[in-house]
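Engineer: In our numbering, the protein residues as written are 2 to 707.
Even glycine gets a Cβ: it sits at the ideal position worked out from N, Cα and C.
Just so we're clear, the structure is a prediction, and the values are computed from it rather than from any experiment.
Structure representation (structure tokens):
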């Protein structure tokens, strides 16, 4: 045995608890080391003898099946000879006896993924157990393009594993609890599987622009057998109804296990899952709800809405639609591929709506580009711009000699893209971010931005109604003599319409609605009013027409009159029970002043309302406790086939309990026994679904203590 004998590595300590705490990765439920790029982490190597300055020692971090130095997928770091390799650095922190502590810093532009570490000493190679190290994006590193300065924002947009997605309608927004669960078991591996499936070259995986775009494609099942299968048909019998998810964890775990698309999702499910994937990979992300979202506008910035003479929407004719809400994501990054100033929040959307470069993917699209009308910038800025800025054009369709005659009655320029919402940083409340997407309606900057956008979007041409069966149309002359629609004339009579509900819209009660008509100009006016009530899904598809009012009355200038529109419960409860989607109440009113050409259209959508439930509790780490959910049926109709869905991250895996039928006034109490595995404030989320009511949710804050 002589002093120059071979140096061998006999062990590696990944110092997981120290490294993960410093890298904000200690929440990941995985045995491997998870670090963020551009930030030092330490490894402790044990050798067969003391390390000497003349020894050959190389730490080799390899990415992918066949790591190669020339491709930048094999980093070979030698603390003595080559401590810096492609922006990766290594240094000796401490060397005593046969133990040596090394500090490794990956490049802030390193590809993100699962690296395999082995250590070469002379001709010996040591391959440690658990030698896979996950390297993620790093919003805490100033040199990383996803750097985010504000600590509270990082806590929300990267580390918060629960949150809310805002749904309902612009008239009545409510939150839906969603468990993102980016740190749960198998979620990180599912994201790595998606990266491999994406077809992104390993070298492209350093760029959050390309990664977020690829993930927007992979979260939907279209084109690539991605994670979630979209379904808006109303029939979910061979899968899970989109209403019945309360988080991303069960979806991503099932996908990772089966490698097959999970059935079914609608927009908030795609957005919830994409938020999980982005936060899991380290890209700051938030769910964004756009109320009155314009869809399929063919990039002509216009949605045509067809009404019959009772004011009822004819959705079968429309090629375009206005969704009550649509949910997508914003991700945070610098955009090195765009001119200066377009970094910050970028919109991405995994809901499969339109193809972009041949695939169902959308974004990243700079919010600043949308706001300022720079819609020529990649990616998909025209599409996002139209979702928040289109105009609504109302047409009345009447049969004349057996043919449809279309008359344009009014245009609304301010109704689309309102109350754009996300969860506030560090608080359980809604934050309105409309001003990050658009200038104030009617402002000078808004007009300039609109003119710039239109110059890129709209080839000039005749304004025809874009209806299905358009070849069979006869169009009244007035309706399309202009190339770009002229602004609406302000009603000369100061005509004004308002639609309200006079009582809470509880299922099982009559819908008590009212249409208020006002005029402000002196004189005597004869008003023709029609108002209709329909049930529709959140994508604007009419499920049932429930009734209408048609009245003619006189108004003195400066006065108002209120016309009631009441729908009995028996008129709509059958529809409520027969559709599998959550439906909303939609009211349209058309007022016409006989003495003038004044016409005004107003529509409003209101969700049904349910009484809320909230109760905080405390519990002990690793000790069983019983969590009770108590629901009272406060409606005056029975709820059939009730199911209770419960999930608490770090407390309780998603479980469904069948509850049968619940009569009016009856209480159900469901108890789950849980053992918390993590400290801090956690949430139990419960959701009650039934044939009549698709989602009453409740949550409980639970503080887990030692």
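What number of angstroms, rounded off, separates the C-alpha of residue 558 from the C-alpha of residue 520?
Structural biologist: To locate residue 558, count along the chain shown from 1; it is residue 557. To locate residue 520, count along the chain shown from 1; it is residue 519. About 5 Å.
Engineer: Based on Cα-Cα distance, which residue from 631, 340, 316, 697 lies nearest to residue 667?
Structural biologist: One-based indexing of the chain shown puts residue 667 at position 666. When C-alpha distances from residue 667 are compared across 631, 340, 316, 697, the shortest belongs to 631.
Engineer: Looking only at its chain, what residues have a beta carbon closer than 7 Å to the beta carbon of residue 224, apart from the 5 residues adjacent to it on each side?
Structural biologist: Your numbering for residue 224 matches position 223 in the chain shown. Hits under 7 Å: 218, 360, 361.
Engineer: Whose C-alpha, out of 102, 329, 254, is nearest the C-alpha of residue 654?
Structural biologist: Here residue 654 refers to the residue found at position 653 when the chain shown is read from its first residue. With distances taken between Cα atoms, residue 654 lies closest to 254.
Engineer: Would residue 418 pass as a contact of residue 393 if the rule is Cβ separation under 9 Å?
Structural biologist: Against the chain shown, residue 418 aligns to sequence position 417. Against the chain shown, residue 393 aligns to sequence position 392. Going by C-beta atoms, residue 418 is not nearer than 9 Å to residue 393.
Engineer: Looking at C-beta atoms only, is the number of pairs between the region 502-512 and the region 568-588 that lie closer than 8 Å three or more?
Structural biologist: yes
Engineer: To the nearest whole angstrom, what separates the beta carbons of residue 8 and residue 88, a pair I think is in contact under 8 Å?
Structural biologist: The count along the chain shown starts at 1 and reaches residue 8 at position 7. The count along the chain shown starts at 1 and reaches residue 88 at position 87. Incorrect: roughly 27 Å between the Cβ atoms, too far for contact.
Engineer: Got a sec? Which residues, its chain only, sit under 8 Å from residue 423 by beta carbon, not counting five neighbours each side?
Structural biologist: As a working mapping, residue 423 is identified with position 422 in the chain shown. Here the set comprises 167, 287, 288, 289, 290, 331, 431, 432, 434.
Engineer: Return the first residue and the last residue of the beta strand (DSSP E) that residue 259 is part of.
Structural biologist: In the chain shown, counting from the first residue as 1, residue 259 sits at position 258. That residue, residue 259, is in no beta strand (DSSP E); its alpha helix (DSSP H) goes 250-259.
Engineer: Buried or exposed: which applies to residue 144, given that a residue is buried once 16 or more other Cβ atoms fall within 10 Å of its Cβ?
Structural biologist: Taking the first residue of the chain shown as position 1, residue 144 is located at position 143. When all chains shown are included, residue 144 counts as exposed.
Engineer: Can you say whether residue 516 is buried or exposed, counting buried as having 16 or more other CB atoms within 10 angstroms of its CB?
Structural biologist: Here residue 516 corresponds to residue number 515 of the chain shown, with the count starting at 1. Buried: at least 16 other Cβ atoms inside 10 Å.
Engineer: Can you tell me the Cα-Cα spacing of residue 596 and residue 531, whole angstroms?
Structural biologist: Counting from one through the chain shown, the residue named residue 596 turns up at place 595. Counting from one through the chain shown, the residue named residue 531 turns up at place 530. About 17 Å.
Engineer: Mapping DSSP to helix, strand and coil, what is residue 76?
Structural biologist: The residue given as residue 76 occupies position 75 in the chain shown. Judged by DSSP in its simplified three-state form, residue 76 adopts strand.
Engineer: Comparing alpha-carbon positions, which option in 506, 606, 447, 308 lies nearest residue 538?
Structural biologist: Residue numbering aside, residue 538 sits at position 537 when the chain shown is read from its first letter. Among 506, 606, 447, 308, the Cα nearest to that of residue 538 is on 606.
Engineer: Is the region 539-551 in contact with the region 303-322, if contact means three or more CB pairs nearer than 8 Å?
Structural biologist: yes
Engineer: Can you name the residues that DSSP bridges to residue 594?
Structural biologist: Mapped onto the chain shown, residue 594 falls at position 593. Beta-bridge pairing links residue 594 to 528.
Engineer: Alpha carbon to alpha carbon, how far is residue 695 from residue 336? Give it in angstroms, no decimals.
Structural biologist: Position 335 of the chain shown, counted from the start, is the residue given in the question as residue 336. Position 694 of the chain shown, counted from the start, is the residue given in the question as residue 695. Straight-line Cα distance between these residues: approximately 41 Å.
Engineer: Using only the alpha-carbon positions, how far apart do residue 86 and residue 260 sit?
Structural biologist: Along the chain shown, read from residue 1 onward, the residue named residue 86 stands at position 85. Along the chain shown, read from residue 1 onward, the residue named residue 260 stands at position 259. The alpha-carbon atoms of residue 86 and residue 260 are separated by roughly 36 Å.
Engineer: State the Cα-Cα distance for the pair residue 114 and residue 26, rounded to the nearest angstrom.
Structural biologist: Taking the first residue of the chain shown as position 1, residue 114 is located at position 113. Taking the first residue of the chain shown as position 1, residue 26 is located at position 25. Distance between the alpha carbons of residue 114 and residue 26 is about 14 Å.
Engineer: Please report the straight-line C-alpha distance between residue 265 and residue 247, rounded to a whole angstrom.
Structural biologist: The residue you call residue 265 lines up with position 264 of the chain shown. The residue you call residue 247 lines up with position 246 of the chain shown. Looking at the two C-alpha atoms, the distance is approximately 13 Å.
Engineer: Please report the straight-line C-alpha distance between residue 243 and residue 235, rounded to a whole angstrom.
Structural biologist: Position 242 of the chain shown holds residue 243. Position 234 of the chain shown holds residue 235. Roughly 10 Å between the two C-alpha positions.
Engineer: Ends of the beta strand (DSSP E) at residue 192?
Structural biologist: To locate residue 192, count along the chain shown from 1; it is residue 191. No beta strand (DSSP E) holds residue 192; the alpha helix (DSSP H) holding it covers 188-198.
Engineer: Would you please state the rounded distance, in angstroms, between the beta carbons of residue 328 and residue 268? I believe it to be under 8 Å.
Structural biologist: Against the chain shown, residue 328 aligns to sequence position 327. Against the chain shown, residue 268 aligns to sequence position 267. The Cβ separation is near 5 Å, so the contact holds.
Engineer: Got a sec, what are the start and stop residues for the beta strand (DSSP E) residue 655 sits in?
Structural biologist: Against the chain shown, residue 655 aligns to sequence position 654. Where residue 655 is concerned, the enclosing beta strand (DSSP E) stretches over 653-663.
Engineer: Check for me: the beta strand (DSSP E) holding residue 264 runs from which residue to which?
Structural biologist: As a position in the chain shown, residue 264 is number 263, starting the count at 1. It spans 263-266 - the beta strand (DSSP E) in which residue 264 sits, taken as one unbroken run.
Engineer: Hey, is the region 361-371 in contact with the region 396-410, meaning 3+ C-beta pairs nearer than 8 Å?
Structural biologist: no
Engineer: Within 10 angstroms of the Cβ of residue 256, are there 16 or more other Cβ atoms? Answer buried if so, exposed if not.
Structural biologist: The residue labelled residue 256 in the question sits at position 255 within the chain shown. So residue 256 ends up on the buried side.
Engineer: Is the region 130-145 touching the region 38-58 in the sense that three or more CB pairs, one from each, lie closer than 8 Å?
Structural biologist: Output reads yes: the region 130-145 touches the region 38-58.
Engineer: Measuring straight from C-alpha to C-alpha, what distance separates residue 92 and residue 101?
Structural biologist: Position 91 of the chain shown, counting from 1, holds the residue named residue 92. Position 100 of the chain shown, counting from 1, holds the residue named residue 101. Roughly 10 Å separates the two Cα atoms.
Engineer: Starting from the C-beta of residue 400, find all residues in its chain whose C-beta is less than 8 Å away, skip the five residues before and the five after it, and write them out in chain order.
Structural biologist: As a working note, residue 400 is residue 399 in the chain shown. These residues qualify, in order along the chain: 406.
Engineer: Kindly indicate which three-state DSSP category residue 1 falls into: helix, strand or coil?
Structural biologist: Since the first residue of the chain shown is 2 and the last is 707, residue 1 is not available in this structure.
Engineer: Enumerate in chain order the residues of its own chain whose CB-to-CB distance from residue 577 is below 7 Å, with the five nearest sequence positions on each side excluded.
Structural biologist: Numbered from its first residue, the chain shown carries residue 577 at position 576. Cβ within range, chain order: 508, 584, 693.
Engineer: Taking contact to mean 3 or more Cβ pairs, one atom from each stretch, closer than 8 Å, check whether the region 175-192 and the region 276-284 are in contact.
Structural biologist: At 8 Å Cβ cutoff, the stretches touch.
Engineer: I think residue 30 touches residue 185, with their Cβ atoms under 8 Å apart; what is that distance to the nearest whole Å?
Structural biologist: Position 29 of the chain shown, counting from 1, holds the residue named residue 30. Position 184 of the chain shown, counting from 1, holds the residue named residue 185. That pair is a contact at about 6 Å.
Engineer: So what does DSSP say about residue 233, is it helix, strand or coil?
Structural biologist: Numbered from its first residue, the chain shown carries residue 233 at position 232. Three-state result, residue 233: coil.
Engineer: CA-CA distance, residue 608 and residue 642?
Structural biologist: Along the chain shown, one-based indexing puts residue 608 at 607. Along the chain shown, one-based indexing puts residue 642 at 641. Those two C-alpha atoms are separated by around 22 Å.
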